[in-house]
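For reference, the structure discussed in these notes is given below.
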Amino acid sequence: MEFADVKKWVIFFLGILVAIVIADALSNLLMNYSGLTGWVNFIVSFVLYAVFFFAILYVLEKVAGIEFFGFERK
Numbered sequence: 010m011e012f013a014d015v016k017k018w019v020i021f022f023l024g025i026l027v028a029i030v031i032a033d034a035l036s037n038l039l040m041n042y043s044g045l046t047g048w049v050n051f052i053v054s055f056v057l058y059a060v061f062f063f064a065i066l067y068v069l070e071k072v073a074g075i076e077f078f079g080f081e082r083k
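Just so you know, the numbering used here puts the end of the sequence shown at 83, numbered straight through with nothing missing.
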């Protein structure tokens with residue numbers, strides 16, 4: 010395995026990790042201010058997390074040139 014391949018995978022996983030941490034922080038922050046409880050809190054929190062996660066991945070893809078959704082497109 011070449012160094013370029015390793016670097017590509019490390020950047021890919023770091024990008025995913027950054028998206029997870031930021032999405033979790035944003036969704037928790039919004040849910041703390043919303044005052045929702047119980048299963049409604051869980052559902053809304055999950056949807057917010059998913060939206061933030063994929064939005065952050067999309068922004069990272071456009072800004073940093075990391076390909077998350079490419080599926081080997083040329």
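All C-beta atoms, glycine included, are put in the ideal place defined by N, C-alpha and C.
Report task. Report the three-state DSSP secondary structure of L45 (helix, strand or coil). Result -> Counting from one through the sequence shown, the residue named residue 45 turns up at place 36. It is coil, neither helix nor strand.
Query raised in the report: Apart from the five residues on each side of it in sequence, which residues of its chain come closer than 6 Å, Cβ to Cβ, to G24?
Result: Translated into positions along the sequence shown, residue 24 becomes position 15. Excluding residues within five positions, the ones whose Cβ falls inside 6 Å are L69, I75.
Report task. Alpha carbon to alpha carbon, how far is F77 from F21? Give it in angstroms, no decimals. Result -> Stepping through the sequence shown from its first residue, residue 21 is reached at position 12. Stepping through the sequence shown from its first residue, residue 77 is reached at position 68. The straight-line gap from Cα to Cα measures roughly 7 Å.
Report task. Using 10 angstroms around the beta-carbon of L66, count the other beta-carbons present and answer buried if the total reaches 16, otherwise exposed. Result -> Your numbering for residue 66 matches position 57 in the sequence shown. Counting Cβ neighbours within 10 Å, L66 comes out buried, since at least 16 surround it.
Query raised in the report: With a CB to CB cut of under 8 Å and the five nearest residues on each side skipped, what residues in its chain are close to V53?
Result: For the purposes of this step, residue 53 is identified with residue 44 of the sequence shown, where counting begins at 1. Cβ within range, chain order: M40, S43, L45.
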